[in-house]
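Quick notes on the structure that follows.
Chains as they are written, first to last, in my numbering: chain A, -14 to 153; chain B, -14 to 153; chain C, -14 to 153; chain D, -14 to 153.
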C-alpha cells in the first residue's frame, strides 16, 4: 500500500543561504520520488522556490500557498500556486495542510511554522540548524516528533519512518 | 501563448441535485481539457466531488480546500486535498485563489462564495440557477463580470472569453 | 439573569443609503441599551460606522474587525478596532464571533455575511430589504432563524426573543 | 495627546508557571492603567486568563481572540471574547491586531506569536525568559525592536518608550 504524505518545506526566502537552497531542492526531489506532495509558502524566492524546483525536476506535485491576493510573485515551478489573501496567517494554513514539516534555514516566519507544527504534534525535522536553534526548538517540541539532521536524505528517511508509523 | 486559469467550481455538497452534479462533472472535464486547474471546497460530496472527478477523468489538476484539520472527508479524485483548519473562512480563501467562479446549484455556502467573487470583481457564472437566484445575484454583481448559462459548455465559453480579455 | 449577546451589524460602507445608516445607528443604540456587544466590519464608513456611533452614544461596547493590517481606516466610535490582516476572510470571522446578524442594506460583502450566518444557523434579521433580496435570502435560510422587519425596534425585539430562546 | 495602544499578552495556558501568571496579571493591570487595550488568546487558562483579570481589576478593556467557534472556554474577565473559528491561525490575527507583544513564559504557541511579531517588526518583550529562549529569539529578531526584562514594570516602561517613538 502506498501512503501519500504532504510535506511542507519551509525556510527563508530572499535571505536563504546557498546551503539551505541546495538542501531544499534535494528535499523537493526526494519527496517527489516517493510520490508525495511538496507544500511551500509559494513565493519565487529561496527555500520555497528551491523545493518547488526540486519537486518539479522529479515529476512531483508542488503546491504553494501565497500570502497575497494574486500569483504575481509565485514560484514558476509550482504545479499550483494558491493565493490565500491571509497574510501571515497563511503560515498556519500551510502547517495545517501538511503531515510533516522540514525546515532548511531559519528566519522568523520559519520559526512560526516550526512552532505551529510541534504544537500540532506533527513530525518536524530541521536540516543543519545552528546549535542555538536546535537546542531551543527541541526544548519546546516537548512530546512532538522532532529531529535534527545533517542531510536531505536523513530528513526523508526520518519522515518516511514517521509516516509509516502514523499509519499503523 | 497558453494561459493557466484557476477556476473554482462551487455548489452544494450532500444536498446537491442530480443536475448540478452532472454539470459540475462536465465543467471539471472542460476545465481540465483546456489545461486549467479546478479548485473545489474539497469534500467528498456533491458538486465538490463531481468537479474533481470530472477534472481527473480528463487528466487535469483538481485541488480542494477543506474547512477542517484533516483529509478524512476529502474527495478521492483530487490531485491534492489541503486541510485549511479555517472553517467557513476557507470559502474566502477558495475565492481568492480562483480567477473565476462557476456555481452549479445554490446553498448558503455557495452564495457566500458567489458574493465574495463578485465583490472581488472576478468573473462569476451560474449554471441553471432559479429565476430568483439569477435575478438577485445579478442585482448585487453591479459592475462585476456575471453571467447566467444553461449548459457547462456555455459556462466554459464565457469563462474563456473573460480569461482572454483579462490578459489583453 | 442577564445574557450578553454579540450582534454583528452588517451593511454597505461608502455606498450605504441614508436609511440604512439611520437604522444601523438606532440598532447600535438598542444593542448597547440591553448591555449587549455590537460587532462591525470596523471601517469608518456607512453601516459599520453608524452602528459603532449608535452603540457609543448609549455607552455600549462596539468592536470592529478590520480586513487590513492597520487601524488607519477604523471607525472612531469603536471601543476597539482589531486589524485582522485576513482580507475578506474577516467576514467569516465576524459571523463566527457573533451570536446573531442584523443587516441594514445590501451589497456583496453583506450577502456573504448573511449567507454564512444562515449557514451557521445563527439568527439573521434584515431591516427593510428589497423584495428580491428578502425572497431570495429567505429561500436559502432553510431552517435557520430568519426574519425581515421594517424597523430597528422590531429587529431588536426579534433578536431578544431568539437569544432568550437559545438560553432555555 | 494620548495614544491608545493594543498590547497582546501571550504565554502558556494550562501549563503556565505561577510566576508567568503573576507577571501577566500585573502587566494587564499596567496596560489598563495607561488606558491601553489588552489582547489575549481568550481562553480561561494561564497567561491569557491572568492578563484579562489584571486588566479588568484596573478597569481596562481586555479582548480575547478564541481559536474555536464558541465562547465556552472564554476567560470570564474579558470585556469581549471573540470566537474566530480559525484554529491556530488566530495567533496570526492576534499579532496583527496588536501594536506590540509581551510574552510571559514560553510554549510552542507563544513562540509562533513572538516570531510573527518580530517578523512584522512589532515591539516584542519577553519577561524572564530562559537563557536559551532569550538568546535564540533575540537572534531571529534581527532589526525588530526586541527586549528581555525581569519585571512587568520594566516591560511596560520599554513598551511605552516604543509606542511614543512610533508616533513621532
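C-beta: ideal position from N, C-alpha, C; glycine also.
{"Item": "Reference residue 55 of chain D, options D/42, D/115, D/29, closest by Cα", "Value": "D/29"}
{"Item": "Cross-chain neighbours of residue 51 of chain A in chain C, by beta carbon under 7 Å", "Value": "Within 7 Å Cβ-Cβ: nothing; residue 51 of chain A doesn't reach chain C, min ~12 Å."}
{"Item": "Local Cβ density within 10 Å of residue 92 of chain C, reported as buried at 16 or more and exposed below that", "Value": "buried"}
{"Item": "Assigned secondary structure, residue 117 of chain B (DSSP; H/G/I helix, E/B strand, else coil)", "Value": "helix"}
{"Item": "Limits of the alpha helix (DSSP H) - the one that residue 110 of chain C falls within", "Value": "Residue 110 of chain C -> not in any alpha helix (DSSP H); beta strand (DSSP E) instead, spanning 109 to 112."}
{"Item": "Three-state secondary structure (DSSP) of residue 68 of chain D", "Value": "strand"}
{"Item": "Counterpart residues of residue 23 of chain B in DSSP-defined beta bridges", "Value": "B/-8, B/47"}
{"Item": "N- and C-terminal bounds of the beta strand (DSSP E) containing residue 1 of chain B", "Value": "No beta strand (DSSP E) contains residue 1 of chain B, which DSSP labels as neither H nor E."}
{"Item": "Residues of the region 49 to 73 of chain C with Cβ closer than 9 Å to any Cβ of chain A, in chain order", "Value": "54, 69, 70, 71, 72, 73"}
{"Item": "Backbone CA spacing between residue 120 of chain C and residue 133 of chain C [nearest angstrom]", "Value": "10 Å"}
{"Item": "Beta carbon of residue -8 of chain C nearer than 8 Å to that of residue 103 of chain C", "Value": "no"}
{"Item": "Chain A contacts made by the region 9 to 34 of chain B, where a contact means CB separation under 9 Å", "Value": "22, 24"}
{"Item": "Assigned exposure category for residue -1 of chain A - 16 Cβ within 10 Å defines buried", "Value": "exposed"}
{"Item": "Where residue 144 of chain A meets chain B, residues with beta-carbon distance less than 9 Å", "Value": "What residue 144 of chain A touches in chain B: nothing, since even the nearest Cβ is about 17 Å away."}
{"Item": "8 Å Cβ cut-off: residues of chain C touching residue 101 of chain D", "Value": "Here the premise fails: no neighbours, minimum Cβ distance about 10 Å."}
{"Item": "Where residue 85 of chain A sits in the DSSP three-state scheme", "Value": "strand"}
{"Item": "Inter-stretch contact (C-beta, 8 Å, three-pair minimum) for the region 12 to 21 of chain B and the region 130 to 144 of chain B", "Value": "yes"}
{"Item": "Coarse secondary structure for residue 29 of chain B, derived from DSSP in three states", "Value": "coil"}
{"Item": "Residues near residue -4 of chain D by beta carbon distance below 7 Å, same chain, minus five either side", "Value": "5, 9, 31, 32, 88, 89, 90, 95"}
{"Item": "Selected residue, minimal CA-CA separation from residue 126 of chain D, among A/83, A/97, A/101", "Value": "A/97"}
{"Item": "Residues that residue 40 of chain D contacts on chain C, provided the C-beta gap is smaller than 9 Å", "Value": "Correct list: empty, because the minimum Cβ distance to chain C is about 12 Å."}
{"Item": "CA-to-CA distance, residue 73 of chain C to residue 101 of chain B, given in whole angstroms", "Value": "8 Å"}
{"Item": "Coil, strand or helix - residue 59 of chain C by DSSP", "Value": "strand"}
{"Item": "Residues near residue 2 of chain A by beta carbon distance below 7 Å, same chain, minus five either side", "Value": "90"}
{"Item": "Selected residue, minimal CA-CA separation from residue 107 of chain D, among D/150, D/53, D/60, D/69", "Value": "D/150"}
{"Item": "Beta-carbon gap between residue 99 of chain A and residue 48 of chain B smaller than 8 Å", "Value": "no"}
{"Item": "Min CB distance residue 109 of chain A to chain E below 8 Å", "Value": "No chain E appears in this structure, whose protein chains are A, B, C and D."}
{"Item": "Inter-residue Cα distance where the pair is residue 131 of chain A and residue 81 of chain B", "Value": "34 Å"}
{"Item": "Beta-carbon spacing of residue 77 of chain A, residue 53 of chain B below 8 Å", "Value": "no"}
{"Item": "Alpha helix (DSSP H) segment containing residue 135 of chain B, residue limits", "Value": "From DSSP, residue 135 of chain B is part of no alpha helix (DSSP H); its letter is neither H nor E."}
{"Item": "Chain B contact for residue 81 of chain A (CB, 8 Å cutoff)", "Value": "yes"}
{"Item": "Distance between beta carbons of residue -11 of chain D and residue 36 of chain D, contact taken as under 8 Å", "Value": "With 8 Å as the limit, residue 36 of chain D and residue -11 of chain D do not qualify as a contact, their Cβ atoms being about 17 Å apart."}
{"Item": "Reference residue 60 of chain B, options B/25, B/128, B/79, closest by Cα", "Value": "B/25"}
{"Item": "Beta-carbon neighbours of residue 78 of chain C, restricted to chain B and to distances below 7 Å", "Value": "74"}
{"Item": "Status (buried if at least 16 other CB within 10 Å, exposed otherwise) for residue 57 of chain B", "Value": "exposed"}
{"Item": "Length of the line joining the Cα atoms of residue 11 of chain C and residue 152 of chain A", "Value": "57 Å"}
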